[in-house]
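One structure is given below, encoded as structure tokens.
Residue numbers (this note's numbering): 177 to 530.
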């Protein structure tokens with residue numbers, strides 16, 4: 177498939193087999209034995225997602241990924257390249273052992289580089305940050321930025337078990353290193369544990385809320401703790417919750433900022449939250465191609481920090497994958513300049529892809 181303009185995918189995924197990850201540990205974890213059937217990463221939330229996907233889509237699907245499969249998808253969708261996020265690894269914030277979490281982040285990054293980014297220059301990786309060990313985290317950010325091939329961002333989990341959100345100053349040395357290295361920090365929705373969705377059934381109800389809600393929680397904590405103003409040259413991506421939630425958050429954050437409860441926060445921020453979201457380079461979003469609210473988001477914060485995401489091989493059917501970009505290009509609601517930004521230029525700017 178070819179399009180009238182180039183397209184770069186800002187959020188695709190890999191499926192990471194435990195048997196392959198196990199081969200990429202370093203240090204004392206090298207060659208560590210595992211029990212078959214016991215997974216490296218915890219469950220995202222207790223739902224058997226692969227079975228739910230199979231039930232909802234009777235068409236042909238990809239049940240595994242590698243560099244060759246991704247090359248096929250790039251050609252099928254008509255993409256110049258893609259930025260790859262984990263799947264089971266999205267739950268790494270739920271790992272209870274901090275030492276094993278650190279070892280697993282490094283092993284995942286080793287695996288992603290060997291299996292994907294070194295094999296195809298069109299594929300870019302997002303590394304996992306061992307955030308519980310700040311010195312190891314700084315070292316891994318620098319390693320991904322300066323030694324690994326085609327790593328454009330680092331992931332922090334949207335849900336963690338350590339009781340700290342990412343506005344906490346204990347994480348600021350990680351942000352300092354990422355800013356120094358020019359490495360984007362990404363948050364990717366998926367995990368639903370701990371914010372009131374545990375008893376919702378069927379999974380449809382959980383999936384409706386589990387992507388945007390933790391993004392909103394992390395953004396609120398980071399905003400009112402002054403992260404975005406303290407690190408003005410650091411890009412933060414909030415992904416796969418759609419983009420419509422950001423307009424609600426602009427109003428809600430401003431309301432609380434101006435309220436009686438905002439008194440302790442106002443001295444910390446030079447601008448209102450909505451102005452930080454609108455006028456700085458700090459906050460980036462992905463959108464869904466059919467999102468009717470996209471035009472309102474563009475009105476609220478402009479079109480320079482919104483990116484296209486394929487989400488392959490997760491929920492999209494083959495029809496979705498091949499129709500999303502042509503349908504968006506045919507939409508008269510947006511100018512060609514805006515379409516080029518969302519489909520191509522913004523992704524390359526976010527991840528520093530030359």
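Just so it is clear, CB atoms sit at the ideal spot from N, CA and C, and this is done for glycine as well.
Could you check which residue in 431, 470, 467 has the C-alpha nearest to that of residue 451? 431
What whole-angstrom Cβ distance do residue 394 and residue 334 have, given they're in contact under 8 Å? 6 Å
Contact defined as beta carbons within less than 8 Å: I believe residue 260 pairs with residue 302. What is the distance between those atoms, to the nearest angstrom? 6 Å
contact_flag[the region 347 to 362, the region 380 to 388] where n(CB pairs < 8 Å) is 3 or more: no
Taking residue 189 as part of the beta strand (DSSP E), name the residues at either end of that continuous run. 184 to 189
So, is residue 291 buried or exposed, given that buried needs 16 or more other C-beta atoms within 10 angstroms? So residue 291 counts as buried.
To which residues of the same chain is residue 368 closer than 6 Å at the C-beta, ignoring the five residues directly before and after it? 221, 382, 386
Please report how far the alpha carbon of residue 205 lies from the alpha carbon of residue 284, in whole angstroms. 13 Å
Give the range of the beta strand (DSSP E) segment to which residue 407 is assigned. Premise fails: residue 407 is in no beta strand (DSSP E) and is neither H nor E.
Nearest to residue 201 by alpha carbon, out of 282, 472, 407? Restricting attention to 282, 472, 407, the CA atom closest to the CA of residue 201 is found in 282.
Contact under 7 Å by Cβ, residue 184 with residue 510: Going by C-beta atoms, residue 184 is not nearer than 7 Å to residue 510.
In DSSP terms, what residue 259 is bridged to: 300
Within 10 angstroms of its Cβ, does residue 435 collect 16 or more other Cβ (buried), or is it exposed? Classification of residue 435: exposed, given that the 10 Å Cβ count is below 16.
Can the beta-carbon of residue 407 be found closer than 7 Å to that of residue 351? yes
Determine whether the beta carbon atoms of residue 391 and residue 365 lie at a separation below 7 Å. yes
Nearest-angstrom Cα separation, counted from residue 277 out to residue 216: 9 Å
Is residue 332 helix, strand or coil when you go by DSSP? strand
Residue 348 versus residue 313: straight-line alpha-carbon distance, rounded: 11 Å
Residues bridged to residue 360 by DSSP? 329
Pairwise C-alpha distance: residue 210 and residue 175: Any property of residue 175 remains undetermined from this structure, which presents the chain solely from 177 to 530.
Quick one, which of 299, 499, 448, 307 has its alpha-carbon nearest residue 464's? Measuring from the Cα of residue 464, the nearest candidate turns out to be 499.
To the nearest angstrom, report how far apart residue 258 and residue 529 are at their CA atoms. 11 Å
Could you check whether the Cβ of residue 224 sits closer than 6 Å to any heavy atom belonging to the ligand PLP? Summarising the ligand content, the structure contains no ligands, and the ligand PLP is consequently not present.
Rounded to a whole number of angstroms, what is the C-alpha to C-alpha distance between residue 443 and residue 429? Spanning the two alpha carbons is a distance of roughly 15 Å.
Close Cβ partners of residue 421 (< 8 Å) along its chain, the five nearest in sequence each way excluded: If we look at residue 421 and ignore the five residues flanking it on each side, its Cβ neighbours are 388, 391, 392.
Take residue 495 and list the residues in its own chain whose beta-carbon comes closer than 8 Å to its own, dropping the five residues that flank it on each side. 235
Fully enclosed by the region 196 to 256, which beta strand (DSSP E) runs are 3 residues long or longer? none
Would a C-beta distance cut-off of 7 Å place residue 327 and residue 361 closer than the cut-off? no
Under a three-way DSSP split, which group does residue 414 fall into? strand
Within 10 angstroms of the Cβ of residue 237, are there 16 or more other Cβ atoms? Answer buried if so, exposed if not. exposed
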